[in-house]
Amino acid sequence: MAYSRRLPELAAQLNVLFPDINHPAHRALANCIVLYAPLRETALNDLAELLDDWDPRDSGLADRWKARVDRIRSELDRHFGDSVKDVLLEEPVRVFWANAVEAERAFFATLRDVVTPQRVEDIGAYQVTLRQMTGDLQTNWNDLLGADGSLESDQVRLVRQVAEVIQQLIDEVERQNRARFAELVTTLQGKLRQSVERVAAKVRETVGDKVADALAAALELAKSYGKDELGVPSEVEPDLDRTASETQVYLDKVTYIAKVYRENAAAYRSLMSIERGGVLTMFMKTREQVHAYEESNNLEVANRMRDEAIRALQDWTGGITGDAQDDAEEFVDRVTDVLERDWDACEDARDEFEDRFAGIFTAQLTSDTIETLVEKAMFNREVEIILGFNAADLLGQAQGGLPAAADDAVALATQPLADAGPSFPEELIDLTRQQTESFRAYLRTQLRAQVDRAMTTLGETRTLLDPSRIRQDFSREELEAMLH
Numbered sequence: 018m019a020y021s022r023r024l025p026e027l028a029a030q031l032n033v034l035f036p037d038i039n040h041p042a043h044r045a046l047a048n049c050i051v052l053y054a055p056l057r058e059t060a061l062n063d064l065a066e067l068l069d070d071w072d073p074r075d076s077g078l079a080d081r082w083k084a085r086v087d088r089i090r091s092e093l094d095r096h097f098g099d100s101v102k103d104v105l106l107e108e109p110v111r112v113f114w115a116n117a118v119e120a121e122r123a124f125f126a127t128l129r130d131v132v133t134p135q136r137v138e139d140i141g142a143y144q145v146t147l148r149q150m151t152g153d154l155q156t157n158w159n160d161l162l163g164a165d166g167s168l169e170s171d172q173v174r175l176v177r178q179v180a181e182v183i184q185q186l187i188d189e190v191e192r193q194n195r196a197r198f199a200e201l202v203t204t205l206q207g208k209l210r211q212s213v214e215r216v217a218a219k220v221r222e223t224v225g226d227k228v229a230d231a232l233a234a235a236l237e238l239a240k241s242y243g244k245d246e247l248g249v250p251s252e253v254e255p256d257l258d259r260t261a262s263e264t265q266v267y268l269d270k271v272t273y274i275a276k277v278y279r280e281n282a283a284a285y286r287s288l289m290s291i292e293r294g295g296v297l298t299m300f301m302k303t304r305e306q307v308h309a310y311e312e313s314n315n316l317e318v319a320n321r322m323r324d325e326a327i328r329a330l331q332d333w334t335g336g337i338t339g340d341a342q343d344d345a346e347e348f349v350d351r352v353t354d355v356l357e358r359d360w361d362a363c364e365d366a367r368d369e370f371e372d373r374f375a376g377i378f379t380a381q382l383t384s385d386t387i388e389t390l391v392e393k394a395m396f397n398r399e400v401e402i403i404l405g406f407n408a409a410d411l412l413g414q415a416q417g418g419l420p421a422a423a424d425d426a427v428a429l430a431t432q433p434l435a436d437a438g439p440s441f442p443e444e445l446i447d448l449t450r451q452q453t454e455s456f457r458a459y460l461r462t463q464l465r466a467q468v469d470r471a472m473t474t475l476g477e478t479r480t481l482l483d484p485s486r487i488r489q490d491f492s493r494e495e496l497e498a499m500l501h
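Heads up, this note's numbering is the position in the sequence shown plus 17, with the first residue counted as 1.
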């Protein structure tokens, strides 16, 4: 751009005031105007290009602006001073020329101190900071998601382990429900039948066709044998011990599963505490920092910088008169284009920032962001798998059925004794009944001891696996509440 209005005006004024174009003084002044034109134009172009080409990542724009103005001012003083050092100006021309020189000095002196270059640098810094923050926040977000995902993977693994051991518990309980002393009953029935058969054979052998006196003695002998045989056969004790051991193994499995549940629930809560105190706390602090930045560095701040930059140039232009004002306005238009370009870049940077982080680090948290951080739906699905086993109900049914199962086992196991009574001589029926009740009492005591242990263990585990307890132990509510 030539910025060519002021100097032709100055030349025209010179011709009016000093029409003798051949006079040495006139030629000196006219030549000064002609030679000064490129200096002036170059200076204004340099200043506009300085703003246009400025890298917003750099600093010191205002200093470079002032240095360039100082250079043209020095050139101006030297050029205008040299132009008249060998000529004598008469009063009207001398005053005119002094005013012209002072006007040019004022033109650049006031331009030197405008706030515009500093605001251009500030707007650039705003843009750079925002883009840098966008990149940093993206990295921060990726790191947060990575750390959060790692913790949540460990938590999911713990929940799935609980599901696996509860499946094992269900299988074991159902197996026990099907068995419920069945093997013991079958074994005892077989052994008691053998005892009954031996007693029956002994009765036949001892009593037979004996006459009255001998019969009484034979019956006493048979009763003595039956008392020993139909009492508590020593050979059933290993079977009861084996059943007790099997029951204990079963209960140990239940206890182990309960232990795994407790440990996994505790580990889950510990990991969730780490997630809450680490990842989510860092996330919320980052949101606070972004909010604080936005409060003092929002787009309105950049807009005010732009307005200040333009207004400073407009104020500078307003203080200039004549055609020099046209040159100033031309310069202002060019600088304004630069400012509008930089402002558009700020808006683009802000739009990119908002597009990436609205609902995450800025504005109200969206449900998608909360779900991404908390993964409530995913964990709810995992918990529903556990709840789908209905473990507490199954354990309750197992508990409720144990006493009756023990009573049924006692009745079935001793049925051979009850069935054998009527086939014996009348003298042995009471003995058979007494021995049957005695054996039943013994067997009931043994099985009830096992049932009591099972009732306690199953009851504790049932309480542990209550649906409300499971939901509480593997809840995401604390994390979700932290983000609201």
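Yeah, the Cβ is synthetic: ideal placement off N, Cα and C, and Gly gets one too.
query                                                                                                                      : result
Among G336, T264, I291, E292, the one whose alpha carbon lies nearest that of R192                                         : T264
Bounding residues of the alpha helix (DSSP H) (the contiguous stretch that carries E107)                                   : Counting along the chain, E107 falls outside any alpha helix (DSSP H), and DSSP gives it neither H nor E.
Residue span of the alpha helix (DSSP H) that contains R293, given as start and end                                        : First-last for R293: undefined, no H or E at that position.
Cross-strand partners of T379 (DSSP beta bridge)                                                                           : A375
Backbone CA spacing between D424 and A466 [nearest angstrom]                                                               : 12 Å
Contact under 8 Å by Cβ, A471 with V202                                                                                    : no
For E200, the three-state DSSP class (helix, strand or coil)                                                               : helix
Of the listed residues R479, V266, I183, nearest to I274 (C-alpha basis)                                                   : I183
Euclidean distance between Cα positions of P255 and Q172                                                                   : 46 Å
Inter-residue Cα distance where the pair is V266 and L168                                                                  : 35 Å
Beta-carbon proximity list for T386, same chain, < 6 Å, skipping 5 on both sides                                           : G376, I377
Whole-angstrom distance between S212 and K270, CA atom to CA atom                                                          : 36 Å
Own chain, CB closer than 7 Å to L106, minus 5 neighbours either side, in chain order                                      : A42, W114
Assigned secondary structure, D269 (DSSP; H/G/I helix, E/B strand, else coil)                                              : helix
G339 (DSSP reduced to helix, strand or coil)                                                                               : coil
6 Å CB neighbourhood of L504 in its chain, flanking five on each side removed                                              : There is no way to answer for residue 504, as the model of the chain reaches only from 18 to 501.
For S76, the first and last residue of its enclosing alpha helix (DSSP H)                                                  : Neither: S76 is in no alpha helix (DSSP H) and is coded neither H nor E.
Beta-carbon proximity of V101 to A45, cut-off 8 Å                                                                          : yes
Where the alpha helix (DSSP H) through P36 begins and ends                                                                 : Counting along the chain, P36 falls outside any alpha helix (DSSP H), and DSSP gives it neither H nor E.
Same chain only: Cβ atoms within 7 Å of E237, ignoring 5 sequence neighbours per side                                      : Residue placement at E237 cannot be trusted, given a pLDDT of 44 that sits under 50; the coordinates are not used to answer.
Backbone CA spacing between R6 and N407 [nearest angstrom]                                                                 : The structure shown does not extend to residue 6, since the chain is modelled only from 18 to 501, so the question has no answer here.
Whole-angstrom distance between V355 and I327, CA atom to CA atom                                                          : 11 Å
Counted within 10 angstroms of its Cβ, other Cβ atoms place D72 as buried (16 or more) or exposed                          : exposed
Beta-carbon contacts of K393 that lie in its chain and below 7 Å, excluding the five residues immediately before and after : R493, E497
Integer-rounded CB distance, given that L161 should sit under 8 Å from F300                                                : 6 Å
Which listed residue (V400, Q463, Q452, A409) has its alpha carbon closest to that of P420                                 : Q463
Residues of its chain near A231, where Cβ-Cβ distance is below 8 Å and the 5 sequence neighbours each way are ignored      : Any reading at A231 must be qualified, since the residue scores a pLDDT of 42, below 50, and its modelled position is unreliable; the value itself is stated next. Within the same chain, A231 has no close Cβ partners at all.
As assigned by DSSP and simplified to three states, the class of W158                                                      : helix
Given D258 as reference, the closest of R215, K302, P109, L205 once Cα atoms are compared                                  : L205
When G77, A284, E214, R122 are compared against R177, the one with the closest alpha-carbon                                : A284
Exposure label - A126; buried when at least 16 CB within 10 Å                                                              : exposed
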